[in-house]
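Chemist:
Protein chains: 4
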Amino acid sequence: MNREGPVEAELAWLERFTPATARAAAALPGLTGERILVVCHLDVKMVPMFAALTGAGAEVWACAANPATTRDQVAAHLTGLGVRVAARAGDPPGRHAANLAAAIQAGPTLLSEMGADASVATGGRLPGVRAGLEATGTGIDRLAGLDLAYPVFNWDDLPIKQGLHNRHLVGLMALITFVNVTGVSVFGRRVLVVGYGPVGRGVADAARSFGAVVEVCDPAPGARLAAGHLGFGTPSLAEGLARAEVVLTATGVDHAVPAAALAAAPDGVFLANVGHGSLELPVAELRAGVTGNPRPGVEVCELGGRTRYLLAGGAMLNLAAGPGDPFDTFDLVTALMLEATGFLATEGGSWPSGVHLLPAAVADRAARLVLG
Amino acid sequence: MNREGPVEAELAWLERFTPATARAAAALPGLTGERILVVCHLDVKMVPMFAALTGAGAEVWACAANPATTRDQVAAHLTGLGVRVAARAGDPPGRHAANLAAAIQAGPTLLSEMGADASVATGGRLPGVRAGLEATGTGIDRLAGLDLAYPVFNWDDLPIKQGLHNRHLVGLMALITFVNVTGVSVFGRRVLVVGYGPVGRGVADAARSFGAVVEVCDPAPGARLAAGHLGFGTPSLAEGLARAEVVLTATGVDHAVPAAALAAAPDGVFLANVGHGSLELPVAELRAGVTGNPRPGVEVCELGGRTRYLLAGGAMLNLAAGPGDPFDTFDLVTALMLEATGFLATEGGSWPSGVHLLPAAVADRAARLVLG
Amino acid sequence: MNREGPVEAELAWLERFTPATARAAAALPGLTGERILVVCHLDVKMVPMFAALTGAGAEVWACAANPATTRDQVAAHLTGLGVRVAARAGDPPGRHAANLAAAIQAGPTLLSEMGADASVATGGRLPGVRAGLEATGTGIDRLAGLDLAYPVFNWDDLPIKQGLHNRHLVGLMALITFVNVTGVSVFGRRVLVVGYGPVGRGVADAARSFGAVVEVCDPAPGARLAAGHLGFGTPSLAEGLARAEVVLTATGVDHAVPAAALAAAPDGVFLANVGHGSLELPVAELRAGVTGNPRPGVEVCELGGRTRYLLAGGAMLNLAAGPGDPFDTFDLVTALMLEATGFLATEGGSWPSGVHLLPAAVADRAARLVLG
Amino acid sequence: MNREGPVEAELAWLERFTPATARAAAALPGLTGERILVVCHLDVKMVPMFAALTGAGAEVWACAANPATTRDQVAAHLTGLGVRVAARAGDPPGRHAANLAAAIQAGPTLLSEMGADASVATGGRLPGVRAGLEATGTGIDRLAGLDLAYPVFNWDDLPIKQGLHNRHLVGLMALITFVNVTGVSVFGRRVLVVGYGPVGRGVADAARSFGAVVEVCDPAPGARLAAGHLGFGTPSLAEGLARAEVVLTATGVDHAVPAAALAAAPDGVFLANVGHGSLELPVAELRAGVTGNPRPGVEVCELGGRTRYLLAGGAMLNLAAGPGDPFDTFDLVTALMLEATGFLATEGGSWPSGVHLLPAAVADRAARLVLG
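Chains as they are written, first to last, in our numbering: chain S, 10 to 381; chain F, 10 to 381; chain P, 10 to 381; chain L, 10 to 381.
1. On a Cα-Cα basis, can you pick out the residue from F:196, F:77, F:235 and F:95 that is closest to residue 85 of chain F?
2. Residue 87 of chain P: which of P:288, P:113 and P:54 sits nearest, CA to CA?
3. Would you mind giving the Cβ-Cβ distance between residue 49 of chain F and residue 123 of chain F, rounded to the nearest angstrom? I have them listed as a contact below 8 Å.
4. Since residue 219 of chain L meets chain S, which of its residues come closer than 7 Å, beta carbon to beta carbon?
5. For residue 246 of chain F, which residues in the same chain have their Cβ closer than 8 Å to its Cβ, ignoring the five residues on either side in sequence?
6. 7 Å is my cut-off, CB to CB: does residue 378 of chain S come that close to chain L?
7. Ordered along the chain, which non-local residues of its own chain (more than five positions away) have a Cβ less than 6 Å from that of residue 288 of chain S?
8. Whole angstroms are fine: how far does the CA of residue 59 of chain F sit from the CA of residue 107 of chain P?
9. Would you mind sorting residue 356 of chain S into buried or exposed? The rule is 16 or more other CB atoms within 10 Å of its CB.
10. Just by C-beta distance, which residues in the stretch 228-258 of chain F are closer than 9 Å to chain L?
11. List, from N- to C-terminal side, the alpha helix (DSSP H) runs of 4 residues or more that fit wholly inside the stretch 177-209 of chain L.
12. Does the Cβ-Cβ distance between residue 242 of chain F and residue 222 of chain S come in under 7 Å?
13. Are residue 133 of chain F and residue 155 of chain F touching if we call contact CB-CB under 7 Å?
14. If contact means a Cβ-Cβ distance below 7 Å, which residues of the stretch 330-350 of chain S contact chain L?
15. Could you give the C-beta distance for residue 149 of chain L and residue 372 of chain L, rounded to a whole number, given that I count them as a contact under 8 Å?
16. Hey, is the stretch 20-36 of chain F in contact with the stretch 362-371 of chain S, meaning 3+ C-beta pairs nearer than 8 Å?
17. Which chain P residues are close to residue 75 of chain F, counting only those with a beta carbon under 8 Å from its beta carbon?
18. Say whether chain L places a C-beta atom closer than 7 Å to the C-beta of residue 188 of chain S.
19. Are the C-beta atoms of residue 196 of chain L and some chain P residue less than 7 Å apart?
20. Can you check whether the C-beta of residue 303 of chain L is within less than 7 Å of a C-beta belonging to chain S?
21. Residues of chain P with a CB under 8 Å from the CB of residue 193 of chain F: which are they?
22. List the residues of chain S that residue 222 of chain F touches, going by C-beta distances under 8 Å, in chain order.
23. Where does residue 305 of chain L land, buried or exposed, given buried means 16+ other C-beta within 10 angstroms?
24. From the DSSP output, which residues share a beta bridge with residue 294 of chain F?
25. Taking the straight line between their C-alpha atoms, what separation do you get for residue 171 of chain L and residue 235 of chain F?
26. I'd like to confirm the pairing. Which residues does DSSP put opposite residue 174 of chain F in its beta bridges?
27. Using Cβ-Cβ distances below 9 Å, what residues of the stretch 157-172 of chain F are close to chain L?
28. Considering only residues of the same chain and omitting the five flanking positions on each side of residue 205 of chain F, which have a CB-CB separation below 6 Å?
29. Put residue 302 of chain L into one of helix, strand or coil per three-state DSSP.
30. Curious, which full-length alpha helix (DSSP H) runs of at least 4 residues does the stretch 21-99 of chain L contain?
31. I think residue 57 of chain F touches residue 300 of chain F, with their Cβ atoms under 8 Å apart; what is that distance to the nearest whole Å?
32. So which residues on chain F does residue 373 of chain L lean against when the C-beta distance must stay under 8 Å?
33. Is the Cβ of residue 177 of chain L closer than 7 Å to any Cβ of chain F?
34. Give a yes or no on contact between the stretch 126-142 of chain F and the stretch 320-340 of chain F, applying the rule of three or more CB pairs nearer than 8 Å.
35. What does residue 365 of chain L pair with, by DSSP beta-bridge criteria?
36. Assign residue 343 of chain L to one of three DSSP states: helix, strand, or coil.
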């Protein structure tokens, strides 16, 4: 998805569709004297946020949330902006950990994390830190076990993140990626969505709008009632798998679809995951039977005399085999991160230690910037 | 549905929502000297059209398309407008036929029919008639067998009739009527739509938007493919009936659902028809087992140890148990009838004998009047 | 809507569609010795719950949540079940308060309220009460100001109430009622939904599925972003009103649409409210200009030279001019009330004083009963 | 879109999703002695049809419907199957014409065309031809001017082609391609669909399901009424362009959006075409102002001080910048071509000369093969 293009050209295009981020950058308070440690995906979409932070006077250290998503060209570009970034694509665990340790060593005053690696590595006691941000549910879960010495503001659970990104973008981009990767449509196909949280709801809606006959599985009875109110069938997992032509998991739970349950699925079923982990599907068992790789992102698995098509190796389909979020919709994310960082620098440090939901007023400022 | 109210009050309300009809009335050519025989449902929604015709100078005879739909207050109101109308609600066949014969005797110059009764009664040889209109598929079928002495313009098959009324209004009004009559929703219920022509498509869409899990039966493979492309399951009739909680017929074919096929339907299934006939469902067999009438329009039928709820006696649900079309959407119908009558008077008489589709230009004029 | 029918016939029909309530009744713990004070709408849909409570051995007092919704036939029927009920339709404030005082005097052990009248009347110190239930947002707000001597379990904020009733039922029933009351459709009409909480979302979705061109106003930028992600235009209130043909309020805020703002709306605009209060629209100003009442539930208001059609006097459209919830969907409500009452009797009393969200496990039990 | 892969690997994948084509191939009558001239896009999706024809004993000549869509690897593969194919990617007009002339010279007995080139080149008098097929509206228009010596069966106007391909596939694939090519979503963007025939309807539906605020322009009042019944705004072209953020043309008419009209569109508008021609947009004027090509398929055009993004050079977006139809949906197309060719060989030659709609029974057979 254009990943080979020079970062500068991509950035020029991106900037046409991120006006809120530009406005948030212009509204940042002076950050001279701040040392900010950012742990995130080192993708081109994050560049404008880094540029804004250094532009406001901060010293910035960037670490990879996941070495698999690091782009070296982006790292190089960030270096050019004055960001300290040692990460390289595919860093092995040792080097990845060393990069984080070095950034921690620099003595950050503020944190902006996706996954809480720096907080976890220091037991939440990073000495000079006044306040932090956390963007993921996984990170929030990990923070819950720590005796934090500073406040951390959770923005994963903001309505504008759950309600827009998780609810709409993931589903649509997953279905688009399905068509791109397989060359096959879902018109008239029976699609089973496993997991009916916000992501699953978006997936079910998108699959229906792409012409599929959609059914939904979820162990929570309230979720099944909600799915039924939109006219989705709500079979048990066993019933649903027995007739599914496409299975899309969005549970957030490893092994949500056990290998044994999958045995009943029809020959030729497509299997993909849009939840945050990579193990919702029985990836190990499937990969034991791989017989071919007919298209990038598609593995043919022969198991028990039946064919299964595993997409993106069971990793998050829209990210691992597609472009992730569109450029324009990421404008809200980076604008929000900038508004939140400004809040950290000016007010957040005076909040009590522990995890707080990012104040609605901060989120509203970012939303207003997007609305223009 | 307010049928008891004085016609004048209803008319005053109706006229607020039929501006196109008013514009079409104003644009009518002079009709002095014309004798127009109109065969239609003698309902309040038709009154503005009659008023326009008499206002333009025509002599008008009104006959009932069906004595069951005649409202005496409407007939009286029409008489007040100068229309010759002998029809009364529930006229027995003899009187109904006599009314038509008298109107034919008056020597009409133009016809505007719903069902072609006057043309059929005279073998299509009505002497003074220059041209006619026909509004129904049934009428068009009946005209096909006649050696017509004049041109008749078919407006049933106009895209704006098939694509708006049949495709949208019937389905929505049928689902609204279902909720009104039963007091029960279709959220999460399995609804089987039998017949996937324009009416069935509208019914399927409306049922989905009301929260049902919708499946579609149609013997035509192309119709099943089309339904599948919108994500509707397309079982056989037997498979569909075996799991349906609501069955809605829209086939246009008597006995589309035979009693034997219905035996497999679950206990407590609702049965209703939205096709033009009243015999798509096995009404006789069902009525043989009626055990109660718990609400107006609902019959409880016990057959073979299972309960079926028959709605509106198997007649067209939205008309027989509901208000039919909303007032505003009928504006297009009466505006079109007026434009078409003006066309008959000025140009239509010079067309060759036989059935023609009403020219698109005439329909477009009516549509433009509605668009305002 | 069949309100005249004998309650017994209605109940017989209702019971066909409330199997979960029957199962919840059968699963109730013995309630002998409990005195339960229920404050609710005295409508037929509540009868099965009362029957279950008395059937389980409880002594039950019923008070009206609102004298305007009390049905005398229902009150009589409840009396026949052994429920103590003094309420009559339209009780004046004094008698209404006296009824409540008498029930309080009886010394209830458990409360089940809609609006918290009994708790408020006693300052939350009702001596013998072990635990209570509250069903409305208004009630929860009122309880917040009290120093409660017992735990009250909030079930208004359960996902199955917000996500099903508020999100789906209200919107659909409001649109159905619009068509029933006006006789007019919304096909192609510009509908402005004011307020985009769960109710507003359901209204916007329903209006779109009924064929309207829908726009949404909400002061919260996140709500506007969410509406935009579904393709609804998101004008300011002034912009939206200037072109709206139908205005539907769902804000929960009195005077959400001020009279001055409404002045710019086009001639012939329909105005209705689906929020819980009756003053979201400028009812007083509108009623100062009433010139006619062409259909039940419709007032023609002439203001500043323009016509406005006020529906249901600005009260909640689906309740004040329609049947409220369908019978089948109310099954979840009464099943949940019974599960929750069983919980109060067995476990709830041991919780600390104050307001708690009803435990998810209780809600899940009710949801599972509905799923069958 | 994987066009670089070896044809054999693509074919192996394709064959997994084209079971109806395989069944139609197996059901072909013997074609020994037939010489079939096929004019089509020489794309991998057509290979199974050619393989079936040669497998049934026919001699087959393949000519390119458009040299721009010819893939040399496909041509080579066809040669390996025994098909006579001289076409190469990008053949200049002279060579393209010579290829066709040579195939005509071979004396075909049956024709299967997309665009009617062979019939037009011979004035419809190709001597040995018994019958032909035509797949495009353009071809049907061209045939109308000829005095055909043989029957030609039109399958473009079959309900399963108009109702599935044109109505659903084009719209969805166009929107997917929009996101792929631009990296930008349409969430909350105002999309103007120009032209509301079957293709435009599919585009409008798809754009709405992708989160856009959709409006529709069409000069036909009936089309505007139909769009309004689905809740799409129906401004004039001038009004619509003045606020459009994305313009998608689907009119089938060159210059449907004149340069002058486009001048009022906002800065940064995206322009793309999904109609069959490449000149619905003012391509020449736009290209006179091109200042950059930031991504493949995107041209930045600066005109009158405003920026316009022209996609795919104004050619059909889903084909010129995307993969066209998904593999599975093309199964119906090639199955239908085979059923139709079998019909030509056995019955079609006995029909009278001139253009006929392909009999519904033939289309139904293909549809049944797809339904499985």
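Using N, Cα and C, we set each Cβ at its ideal position, and we do this for glycine too.
Modeler: This is what the structure gives:
1. F:95
2. P:54
3. 5 Å
4. 181
5. 203, 226, 266 and 270
6. no
7. 263
8. 60 Å
9. exposed
10. 229, 230, 231, 232, 233, 234, 235, 237, 238, 239 and 243
11. 179-191
12. yes
13. yes
14. 332, 335, 336, 337 and 338
15. That pair is no contact at about 16 Å.
16. no
17. Neighbours of residue 75 of chain F on chain P: none; closest Cβ ~21 Å, over 8 Å.
18. yes
19. yes
20. yes
21. 26, 335, 336 and 337
22. 237, 240, 241 and 242
23. exposed
24. According to DSSP, which records beta bridges pairwise, residue 294 of chain F is partnered with nothing at all.
25. 10 Å
26. Note: residue 174 of chain F sits in no beta bridge, so no partner.
27. 167, 168, 169 and 172
28. 225, 227, 232 and 236
29. strand
30. 28-35, 56-64 and 81-89
31. The Cβ separation is near 44 Å, so there is no contact.
32. 229, 230 and 231
33. yes
34. no
35. L:162
36. helix
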